[in-house]
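Residue numbers 206 to 349, in our numbering, belong to the letters of the sequence shown in order. For every residue, glycine included, the Cβ atom is placed at its ideal position computed from N, Cα and C. These numbers were taken from a predicted model, which means no experiment stands behind them.
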Amino acid sequence: MRQLVLKRGKYFFSFIFLVLFFPSCDKVNESPIPDVYVSLTVNLVIANELNVPGNSVLFPGYGFGGVIISCEAPGSWYAFDASCTYEASRSCIVENDGVLADCPCCGSQFVLLGGAYPTNSPATMPLKQYNVSLLNNSTLRIYN
Ligand code: FES
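This is how it looks when you write it as structure tokens:
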């Protein structure tokens, strides 16, 4: 009987622990870049450099600090907000060059593929990512 009470107590405290700490995980991973409505279509015939793997193009005026689209492979693209996650301000916009983007403010570098994680400090958070879908063979849609 005593063992049963102890076991229940253990589960109860484990449950309390999970309830208390799990929400904080989301907060930890939240991007410092403010949410701004994004809906952008790109004609790949006009922006045909985006059909070449390894290329990237900045589209200013979208998102918080502009939107960078990078081509990983034929038919595969990523889209990120160009605002550096260290300052998270519109005055620190990363400069894309191929699949790399350097922050002019204090030198962080990001890889514009996968999660756009920084390759060096001081930034620790990845660039804010946006959704990409291919509407037809020649139009990309970037949205959140
Ligand atoms: S603001 Fe980007 S590294 Fe400092």
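Measuring alpha carbon to alpha carbon, tell me which of Ser236, Val247, Ile238 ends up nearest Asn341. Val247
Any heavy atom of the ligand FES inside 8 angstroms of the beta-carbon of Cys308? yes
Gly214 burial status per 10 Å Cβ neighbour count (16 or more: buried): exposed
Range covered by the beta strand (DSSP E) that runs through Ala306: 305-307
Beta-carbon within less than 6 angstroms of Phe269's beta-carbon, same chain only, minus the 5 sequence neighbours each way: which residues are those? Ile238, Pro239, Val241, Asp286, Ser288
Terminal residues of the beta strand (DSSP E) in which Ala249 lies: Rather than Ala, the amino acid found at residue 249 in this sequence is Leu. Taken as a continuous stretch (DSSP letters only), Leu249 belongs to no beta strand (DSSP E), as it is neither H nor E.
Buried or exposed (CB count within 10 angstroms, at least 16 for buried), Thr290: buried
Is DSSP giving Leu255 helix, strand or coil here? helix
Give the range of the beta strand (DSSP E) segment to which Pro323 is assigned. 323-325
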